[in-house]
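Residue numbers (this note's numbering), protein chains in the order written: chain A, 1251 to 1447; chain B, 1251 to 1447.
Even glycine gets a Cβ: it sits at the ideal position worked out from N, Cα and C.
Please read these numbers as outputs of a predicted model, since none were measured by experiment.
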DNA sequence: GTCTATAGCTGGATAGAC
DNA sequence: GTCTATCCAGCTATAGAC
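Here it is, written out as structure tokens:
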């Protein structure tokens, strides 16, 4: 397949390096540290290149967010999983994108473009979650209305995020208790977690 | 009681006006909008005054956070509440400090002083929550280990925060479902919510 | 206490050489 | 594509007049 010659190219090494640098900075020092100069320095290129590839910083943030969402989608448990609930729960808990997401949310407060992107992408992600959760619960014979698939998904997601956020501040009181409550429920449906690794 | 003459005074009108202005800016446009110039402009004073009262911006953020935590403490359900769980749940849900808290968390990522302050204050707040929750559950005869007081508190808090965050992006799928799940549990212990107003 | 003025820095963005 | 050089805006913080 012949390489198209449109400029600027979408898969140039420097472009990816810039996104990587921006993501690392965002995780390590917060979004306020993501400036043209610092991103470029970490990527080992000149800051002018950011505008060459992305136009504006707004646009770079949007591209970075899209890349991150794409990854989390690719990581979602497949239909053929043997323990889909366990896998969802683990994905929600250890997904390092949680920290990144917190930064994007704060960022969206003063960058309308980022805000719109988060809103639309999040709606898609949640829709996919609900579809998957409904399928899984139906297969286990769980019926409403004790808790709808959407509610269960929200509960797991909210808990995972909150625990992670607290832990980042050294707060862990009650964490193990809450994790056990949730995992006991999961185990009732699909048994103890089978370690694959 | 004679007014002490230490300078700068802690209850000067300008000082409070500056904190109010900073809080409003933080909520409306995110912490990045909280600069000396913008805060001073909104408070209707000169930006030099910020350094006069607080020294540095770091220090101003810490003072602002303390004030906010103090308020949320004052708002906590009292021991004599007739429906303490309902009141806690409502305080967790509509407390506008939730939005402010998100900003402080993001801010803490690159301001060590703010980070330490949040960590220590949050530990105190959670401790108070657990004590209160234990007392309430014990009075209802709820026993462990189905769910410890700390776990229940975490679950409510995490859910309240997550729902509010999602709602800020226009995401409300499954929210009513989840709220009902939680409120049904509360109602099992202390009956339907009695409207006081 | 509150102001003006300013020093000194860092940021986003662009023009143009290579 | 990648660089150097540069413009202009906005920031924190301080000095000193009132």
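Asked	Found
CB contact below 8 Å: residue 1412 (chain A) versus chain B	yes
Residue 1371 (chain B) - containing alpha helix (DSSP H), residue span	1362-1389
Amino acids of chain B, ordered along the chain, whose beta-carbon sits closer than 7 Å to that of residue 1360 (chain A)	1279, 1280, 1282 and 1283
Terminal residues of the alpha helix (DSSP H) in which residue 1289 (chain A) lies	1286-1293
The region 1385-1405 of chain A: positions lying closer than 9 Å to chain B by Cβ	1394, 1395, 1396, 1397, 1398, 1399, 1400, 1401, 1402, 1403, 1404 and 1405
C-alpha gap between residue 1401 (chain B) and residue 1262 (chain A), whole angstroms	48 Å
Test: residue 1308 (chain B) CB closer than 8 Å to a CB of chain A	no
Local conformation of residue 1309 (chain A) per DSSP, three classes	helix
CA nearest to the CA of residue 1264 (chain B), picked from B:1314, B:1300 and B:1385	B:1300
Residue 1272 (chain B) to residue 1260 (chain B) span [Cα, whole Å]	16 Å
Residue 1412 (chain A) beta carbon less than 8 Å from that of residue 1354 (chain B)	no
Sub-8 Å separation of residue 1374 (chain B) and residue 1312 (chain B) beta-carbons	no
CB of residue 1431 (chain B) within 8 Å of CB of residue 1437 (chain A), strictly	no
Whether residue 1410 (chain B) touches residue 1342 (chain B) by CB criterion (8 Å)	yes
Chain A contact for residue 1428 (chain B) (CB, 8 Å cutoff)	yes
Reduced DSSP category for residue 1252 (chain A) - H, G, I as helix; E, B as strand; rest coil	Interpretation of residue 1252 (chain A) is limited by its pLDDT of 43, a score under 50 that renders its predicted location unreliable; the figure taken from the coordinates is listed afterwards. Three-state result, residue 1252 (chain A): coil.
Beta carbon proximity, residue 1353 (chain A) to chain B, threshold 8 Å	yes
Other residues of its chain near residue 1448 (chain A): CB distance less than 8 Å, five sequence neighbours each side excluded	An answer regarding residue 1448 (chain A) cannot be provided, because it is not within the stretch 1251 to 1447 covered by chain A.
Whole-angstrom C-beta distance between residue 1280 (chain A) and residue 1359 (chain B), which should lie under 8 Å	3 Å
Span of the alpha helix (DSSP H), counted from its first residue to its last, around residue 1276 (chain A)	1263-1279
Residue environment, residue 1371 (chain A), which counts as buried when at least 16 other CB atoms sit within 10 Å	buried
Residue 1409 (chain B), DSSP secondary structure in three states	helix
DSSP three-state assignment for residue 1394 (chain B), whether helix, strand or coil	coil
Exposure label - residue 1442 (chain B); buried when at least 16 CB within 10 Å	exposed
Sequence-distant residues of the same chain with beta carbon closer than 8 Å to residue 1256 (chain B), five excluded per side	Because the pLDDT of residue 1256 (chain B) is 44, which lies under 50, any placement of that residue in the model is unreliable, and the question is left without a value.
Where the alpha helix (DSSP H) through residue 1334 (chain B) begins and ends	1334-1344
Beta-carbon proximity of residue 1425 (chain A) to residue 1403 (chain A), cut-off 8 Å	no
Reduced DSSP category for residue 1352 (chain B) - H, G, I as helix; E, B as strand; rest coil	helix
Within chain B, partners of residue 1356 (chain A) - CB distance below 9 Å	1280, 1281, 1282, 1352, 1353, 1355, 1356, 1357 and 1359
Residue 1261 (chain A): CB within 7 Å of a non-hydrogen atom of the ligand GDP	Ligands in the displayed structure: none, and consequently the ligand GDP is not present.
Span separating the alpha-carbon of residue 1258 (chain B) from that of residue 1304 (chain B)	9 Å
Beta-carbon neighbours of residue 1419 (chain B), restricted to chain A and to distances below 7 Å	1368, 1369 and 1372
Proximity to residue 1428 (chain A) [Cα-Cα], best of A:1408, A:1444 and A:1419	A:1408
When B:1391, B:1337, B:1269 and B:1387 are compared against residue 1446 (chain B), the one with the closest alpha-carbon	B:1337
Contact check, residue 1415 (chain A) vs residue 1339 (chain A), beta carbons under 8 Å	no
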